[in-house]
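S.K.: In the numbering used here, the protein residues as written are 97 to 234.
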Amino acid sequence: MATVRAAGSIPARRTKLNRRSEMTQIPTTVYVVQENPRINYTPAEKFGIVRFLTADEYSPSQHSIRNKSILEDIIRGLANFDPDRDYIILSGNPIIMSFAFSLVLQRKGYVKALWYQSIDRDYVEVSFNPRVVLDLAD
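1) Considering glutamate 221, what are the terminal residues of the beta strand (DSSP E) in which it resides?
2) What does the Cβ neighbour count give for valine 228, buried or exposed, with the cut at 16 atoms within 10 Å?
3) Which residues bound the beta strand (DSSP E) around isoleucine 215?
4) Quick one: using the 10 Å Cβ neighbour count with 16 as the cut-off for buried, is alanine 151 buried or exposed?
5) In three-state terms, what does DSSP make of arginine 147?
6) Which complete beta strand (DSSP E) runs does the stretch 146 to 188 hold, if anything under 3 residues is left out?
7) When the Cα atoms are used, what is the spatial distance from phenylalanine 177 to tyrosine 183?
8) Note the first and the last residue of the continuous alpha helix (DSSP H) segment covering glutamine 202.
9) Determine, using beta-carbon pairs with one atom in the stretch 190 to 203 and one in the stretch 134 to 147, whether at least three such pairs fall under 8 Å.
10) I'd like to know if the stretch 153 to 169 and the stretch 210 to 229 are in contact, where contact means that at least 3 CB-CB pairs between them fall below 8 Å.
11) Spatial neighbours of alanine 154 within its chain, please: CB distance less than 7 Å, with the 5 preceding and 5 following residues excluded, ordered by chain position.
12) Mapping DSSP to helix, strand and coil, what is threonine 138?
13) If you draw a straight line from the alpha carbon of threonine 124 to that of arginine 181, how long is it in whole angstroms?
This is how it looks when you write it as structure tokens:
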């Protein structure tokens, strides 16, 4: 990609600091809410490093100790989620997916998700910003 400069401007020089900051750039992470052993998540690896938040199943019992552990794991697992850089795959139990989605949506009000297209057997990026969608309706 060519860089366009104003006439008479001096091109920026790459310094050791520039190169070092490029090397320490945080990689994109694809957060899978709940791992399903019957699903192949390999196609999502082209978007970034795949990280599973839980493989445990949420219990219908409100007082389950396992539920507390699952939710704490998800909160911890999403601590470094950056909506500008990372993706979420909504996989698994609807309650766990909703909880994780609400956590990441609260960060900046928008989310980048990966949506599996069974026809193509691949993931596509879907940006979800409710403010934009609601403004279109006006």
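For every residue, glycine included, the Cβ atom is placed at its ideal position computed from N, Cα and C. Because the structure is a prediction, the values reported are computed rather than measured.
M.R.: Per the coordinate set shown:
1) 218 to 224
2) exposed
3) Run containing isoleucine 215: none; DSSP gives neither H nor E here.
4) exposed
5) strand
6) 183 to 185
7) 8 Å
8) Note, glutamine 202: alpha helix (DSSP H), 190 to 204.
9) In short, these stretches do not touch, since the Cβ pair count stays below three.
10) no
11) Reading off the sequence shown, one finds tyrosine at residue 154, where the question assumed alanine. Excluding positions up to five away in sequence, the list reads Asn163, Ile166, Asn189, Ile191 and Ile192.
12) helix
13) 6 Å
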